[in-house]
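These notes are about the structure you will find just below.
2 protein chains.
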Amino acid sequence: MSLKYAVLAALLEGEASGYELAKVFDVSLANFWPATPQQLYRELERLAQDGLIEARVVQQERRPNKRMFTLTEAGRRDLDTFAAEPPRRPTAIRDELLIKIQAMDGTDPAVTRELIEERRSWSRGKLDRYERVRDRLLGGRTEEDYLRDADRIGPYLTLMAGITFEEENLRWCERVLAILKQRVALG
Amino acid sequence: MSLKYAVLAALLEGEASGYELAKVFDVSLANFWPATPQQLYRELERLAQDGLIEARVVQQERRPNKRMFTLTEAGRRDLDTFAAEPPRRPTAIRDELLIKIQAMDGTDPAVTRELIEERRSWSRGKLDRYERVRDRLLGGRTEEDYLRDADRIGPYLTLMAGITFEEENLRWCERVLAILKQRVALG
DNA sequence: CACACCTACTCAACTAATTGACTATGGGGT
DNA sequence: ACCCCATAGTCAATTAGTTGAGTAGGTGTG
Chain A
1047 MSLKYAVLAA
1057 LLEGEASGYE
1067 LAKVFDVSLA
1077 NFWPATPQQL
1087 YRELERLAQD
1097 GLIEARVVQQ
1107 ERRPNKRMFT
1117 LTEAGRRDLD
1127 TFAAEPPRRP
1137 TAIRDELLIK
1147 IQAMDGTDPA
1157 VTRELIEERR
1167 SWSRGKLDRY
1177 ERVRDRLLGG
1187 RTEEDYLRDA
1197 DRIGPYLTLM
1207 AGITFEEENL
1217 RWCERVLAIL
1227 KQRVALG
Chain B
1047 MSLKYAVLAA
1057 LLEGEASGYE
1067 LAKVFDVSLA
1077 NFWPATPQQL
1087 YRELERLAQD
1097 GLIEARVVQQ
1107 ERRPNKRMFT
1117 LTEAGRRDLD
1127 TFAAEPPRRP
1137 TAIRDELLIK
1147 IQAMDGTDPA
1157 VTRELIEERR
1167 SWSRGKLDRY
1177 ERVRDRLLGG
1187 RTEEDYLRDA
1197 DRIGPYLTLM
1207 AGITFEEENL
1217 RWCERVLAIL
1227 KQRVALG
């Protein structure tokens, strides 16, 4: 149900093909609503049938043709209605690593430490990429100026959520590593 | 695939019925691997068939009978193996509210503010509940003592992850509310 | 100049997750 | 007396999400 609105929200950035959307999703929407390309193609089909988006085929010379999608007025209205309603379901996190941590006490601490270190360096990489997205969004302005003047601040606020989430993640990793070190030193 | 190990990890706490597991899941495992009761019953069936858990029927007097499940040695080994391998997929978050925030720029700021305030008070409630779980786990000991002496610290580390996550969430809400206030004051 | 990767998808099969109804008994409140 | 909630589940239907293969030309790399 929500994938529908995630796609409509992505199209607020302007016309896009399924392929382009898949990439946009991968770097931004995926942070709070992941979807595979196949899911997107199916959803786009449905949305076009329901008249919430419009498709036009763009002939290309040295590439396969593509279908570009735009929000219709109906789509925009539907999305605005959705955006004003309280969420139907709370945030859901699925994190395999935390299952492993929950069950870690039967495992060699050195192995667990490695898992946490991997997570930490992954989070660092993610934060770096977020920083670059942030710079692109701000386009030279200070955050203050941007938040005062920009037409759309939604994408920036969700980016902020992603950044604080990864920072938290990093702090948690550091904390766990310190605890594991202590335990190994004593145990 | 991971639900399997989430269930096995839950059974590290000891024997439980499907019904009890559903409740345990709701308050602890659900924080990083949500599952409905129906999912759990099916998974327990499969795990029992695969010999990773054992079921025994407990006759009850004034209640329906129940089946209690315990980890078998095979189950424990399987779980330990899982816990030592790097995760196959990265953390996935699904958060309807963030879709709404992404699309918020067509919405009355006062309505958006309410959504954020709801999230904030929900996070506060969650944090309170986490605090109580924490106190129960520590059982009077200081965190330091607990982390040094306890047999199993996995559940505590995942609880810590939940706590830092909600704290971060709260900070993000405050931040967004401040920004919205600014914007309304100016716009 | 071979080989892998990029664009831009489609199709089919499968597993996982959600929703709602149903069974049956007991206890507490109005 | 009636209704709802708690216990302890089962069953069936539907939707959502995953995986892997296939198509077909173009581009970049050693």
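Listed in order, the protein sequences are those of chains A and B.
Each residue of the first sequence is one higher than the one before, counting from 1047 in my numbering.
Each residue of the second sequence is one higher than the one before, counting from 1047 in my numbering.
Glycine residues also receive a C-beta, built at the ideal position from the N, C-alpha and C atoms.
These numbers come from a predicted model, not from an experiment.
Sorted by chain position, which residues of the same chain lie with C-beta nearer than 7 Å to residue i's C-beta, five sequence neighbours on each side aside?
| i | result |
| --- | --- |
| TYR1051 (chain B) | LEU1125 and PHE1128 |
| ARG1159 (chain B) | LEU1223 and LEU1226 |
| TYR1065 (chain B) | LYS1112 |
Since residue i contacts residue j with CB under 8 Å, what's their CB separation in whole angstroms?
| i | j | result |
| --- | --- | --- |
| ARG1140 (chain A) | PHE1071 (chain B) | The pair is not a contact, with the Cβ atoms about 13 Å apart (cut-off 8 Å). |
| ASP1154 (chain B) | ARG1198 (chain A) | Rounded, the Cβ-Cβ distance is 15 Å, inconsistent with contact. |
| LEU1184 (chain B) | TYR1192 (chain B) | 5 Å |
| ARG1102 (chain B) | SER1063 (chain B) | Actually they are not in contact, since the Cβ atoms of ARG1102 (chain B) and SER1063 (chain B) sit about 10 Å apart, beyond 8 Å. |
| GLU1142 (chain A) | ARG1229 (chain B) | Rounded, the Cβ-Cβ distance is 39 Å, inconsistent with contact. |
| THR1210 (chain A) | GLU1214 (chain B) | 5 Å |
| GLY1200 (chain B) | ILE1147 (chain A) | 5 Å |
List the residues of chain B that residue i touches, going by C-beta distances under 8 Å, in chain order.
| i | result |
| --- | --- |
| LEU1193 (chain A) | ILE1225, GLN1228 and ARG1229 |
How is residue i classed by DSSP in three states: helix, strand or coil?
| i | result |
| --- | --- |
| SER1074 (chain A) | coil |
| ILE1099 (chain B) | strand |
| ALA1224 (chain A) | helix |
| THR1082 (chain A) | coil |
| THR1137 (chain A) | coil |
| ALA1207 (chain B) | helix |
| ALA1149 (chain A) | coil |
| ARG1088 (chain B) | helix |
| ARG1198 (chain B) | coil |
| THR1127 (chain A) | helix |
| THR1116 (chain B) | strand |
For a contact defined as C-beta to C-beta under 8 Å, what are the partners of residue i on chain A?
| i | result |
| --- | --- |
| GLY1097 (chain B) | Chain A residues near GLY1097 (chain B): none, gap ~18 Å exceeds 8 Å. |
| VAL1222 (chain B) | LEU1203 and MET1206 |
| ARG1217 (chain B) | THR1210 |
| LEU1143 (chain B) | PRO1133 and THR1137 |
Cutting at 8 Å between CB atoms, please list the residues of its own chain near residue i, excluding the five before and the five after it.
| i | result |
| --- | --- |
| LEU1216 (chain B) | ARG1166, SER1169, ARG1170 and LEU1173 |
Using the beta-carbon of each residue, which ones in chain A are nearer than 7 Å to residue i?
| i | result |
| --- | --- |
| ARG1180 (chain B) | What ARG1180 (chain B) touches in chain A: nothing, since even the nearest Cβ is about 14 Å away. |
| SER1167 (chain B) | Near SER1167 (chain B) there are no residues of chain A at all, since even the closest Cβ is about 12 Å away, more than 7 Å. |
| THR1214 (chain B) | The sequence given here places Glu at residue 1214 (chain B); Thr does not occur at that position. THR1210, PHE1211 and GLU1214, listed in chain order. |
| GLN1148 (chain B) | ALA1055, GLY1200, PRO1201 and THR1204 |
| THR1153 (chain B) | ASP1126, ALA1129 and ALA1130 |
Under 7 Å between beta-carbons, which chain B residues line up against residue i? List them in chain order, please.
| i | result |
| --- | --- |
| ASP1174 (chain A) | By Cβ distance, chain B contributes nothing, its closest Cβ being about 16 Å from ASP1174 (chain A), past 7 Å. |
| PRO1080 (chain A) | ALA1138 |
| TYR1065 (chain A) | Within chain B, no residue comes near TYR1065 (chain A); the closest Cβ sits about 21 Å away, beyond 7 Å. |
| LYS1069 (chain A) | Those do not exist, as LYS1069 (chain A) stays about 17 Å from chain B at its closest Cβ, beyond 7 Å. |
| ALA1052 (chain A) | ILE1145 |
| ARG1102 (chain A) | Those within 7 Å of ARG1102 (chain A) in chain B number zero; the least Cβ separation is about 23 Å. |
| GLU1091 (chain A) | Those within 7 Å of GLU1091 (chain A) in chain B number zero; the least Cβ separation is about 20 Å. |
Once the 5 residues before and after residue i are set aside, which same chain residues still bring their CB inside 6 Å of it?
| i | result |
| --- | --- |
| LEU1093 (chain B) | ILE1099 |
| PRO1083 (chain B) | ALA1068 |
Quick one: which chain A residues come within Cβ less than 9 Å of residue i?
| i | result |
| --- | --- |
| THR1188 (chain B) | Per Cβ cutoff of 9 Å: no residues; THR1188 (chain B) is ~14 Å from chain A at best. |
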